[in-house]
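Enquirer: Right, I'll just put the structure down here and ask away after.
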Amino acid sequence: MVKTAVLVSGGGTNLQAILDALLFEEIKNCELTAVISSTPNAYALVRAQNAKVPTYVVDVNLFPNRRTFTDAIIDKLRDLDVELVVLAGFLYVLSPRFVSVFENRVINIHPSLIPAFCGDGCYGLHVHEKVLAYGVKVTGATAHFVSEVTDAGPVIAQKAVEVKEGDTPEILQRRVMEEAEWQILPKAISLYCEGRLKVEGRIVHVLEEGEA
Ligand code: GAR
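Numbering-wise, the sequence shown is residues 440 to 651 according to the numbering used here.
The following block contains the structure:
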């Protein structure tokens with residue numbers, strides 16, 4: 440079983456999708472060891488507690504800078520012997536040390552088809568505002584490994600979602616979550632835990648079942 444931790448900052452609907460997929464055994468070979476929140480107020484913590492998953496808070500407001508904050512998370516993950524880290528609505532950019540300690544072991548979900556509508560300052564509802572302002576007709580979500588450059592790591596899975604006439608950022612956000620994020624994030628986690636992801640440079644090869 441691959442010991443896995445999910446990092447959260449907010450409502451935690453992606454965490455809920457992971458918890459549900461674990462319950463229905465759609466994610467294989469994965470042990471959810473911890474949910475770690477950057478704030479004590481995240482509703483994601485309640486979701487984890489309801490599912491009897493241990494929760495921890497590493498409060499971003501108690502640290503002077505990003506380096507000390509992410510060092511504290513590294514210490515916690517090492518204490519718990521975590522192999523795979525999942526960013527599910529975790530809204531802070533990790534330090535270069537974090538990325539190198541967990542190279543190709545951190546999976547992020549981003550609510551657009553990367554490389555469109557991503558990068559610094561492009562997160563949460565802002566992404567959907569930018570999508571609507573640009574006028575594209577298709578958007579979606581991307582699950583990817585985290586590298587030192589924001590939203591630029593190797594892509595694991597993507598799913599397209601239609602932009603419809605009359606969409607607001609909130610309506611589009613919900614459709615992208617339902618039709619894309621909540622499906623591809625649990626799938627990406629399972630593929631990793633089954634040993635079916637092979638990374639060569641920035642290309643992620645998905646091995647067939649039994650090939651791993
Ligand atoms: C999700 O849409 C996720 O893709 C996005 O924040 C939302 C968190 O919702 N993440 C980013 O924009 C990261 N760049 P949730 O807490 O309900 O899962």
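A virtual CB, placed ideally from N, CA and C, is assigned to each residue, including glycine.
With distance defined between alpha-carbon atoms, name the residue in Asn-453, Ile-610 and Asp-459 nearest to Val-525.
Expert: When each option's Cα is compared against that of Val-525, the closest is Asn-453.
Enquirer: In the stretch 557-608, which residue ranges form an unbroken beta strand (DSSP E) of at least 3 residues, counting only runs that do not cross its ends?
Expert: Qualifying beta strand (DSSP E) stretches, in chain order: 577-584 and 594-601.
Enquirer: Quick one: what's got a C-beta closer than 6 Å to Thr-509's C-beta in the same chain, skipping five residues either side?
Expert: Counting only Cβ-Cβ distances below 6 Å, and skipping sequence neighbours, we find Leu-533, Ser-534 and Phe-537.
Enquirer: Is it right to say Ala-651 is buried, meaning 16 or more other beta carbons lie within 10 angstroms of its own, or is it exposed?
Expert: Burial call: exposed.
Enquirer: With a cut-off of 8 Å on the beta carbons, I'd call Val-602 and Val-575 a contact; round off their distance for me.
Expert: About 6 Å separates the two Cβ atoms, so the contact holds.
Enquirer: Only counting the same chain, and skipping five residues up and downstream in sequence, which positions put a Cβ closer than 7 Å to that of Lys-515?
Expert: So the qualifying residues of the chain are Ile-475, Tyr-495 and Val-497.
Enquirer: Which residues mark the beginning and the end of the beta strand (DSSP E) in which Ala-473 is found?
Expert: Taken as a continuous stretch (DSSP letters only), the beta strand (DSSP E) holding Ala-473 covers 469-476.
Enquirer: Once DSSP output is grouped into helix, strand and coil, what is the label at Val-447?
Expert: Three-state DSSP puts Val-447 in a strand.
Enquirer: Indicate whether Val-643 and Phe-584 have their beta-carbon atoms separated by less than 9 Å.
Expert: Yes, the pair counts as a contact, with Cβ atoms nearer than the cut-off.
Enquirer: In the DSSP assignment, what residue or residues form a beta bridge with Ile-623?
Expert: Note: Ile-623 sits in no beta bridge, so no partner.
Enquirer: Along the chain, where does the alpha helix (DSSP H) that runs through Tyr-495 open and close?
Expert: Run containing Tyr-495: none in the alpha helix (DSSP H); it sits in the beta strand (DSSP E), 494-496.
Enquirer: Asn-547: buried (16+ other C-beta within 10 angstroms of its C-beta) or exposed?
Expert: Per the 10 Å Cβ criterion, buried.
Enquirer: On a Cα-Cα basis, can you pick out the residue from Asp-520, Leu-552 and Asp-559 that is closest to Val-540?
Expert: Val-540 has its Cα closest to that of Asp-520, out of Asp-520, Leu-552 and Asp-559.
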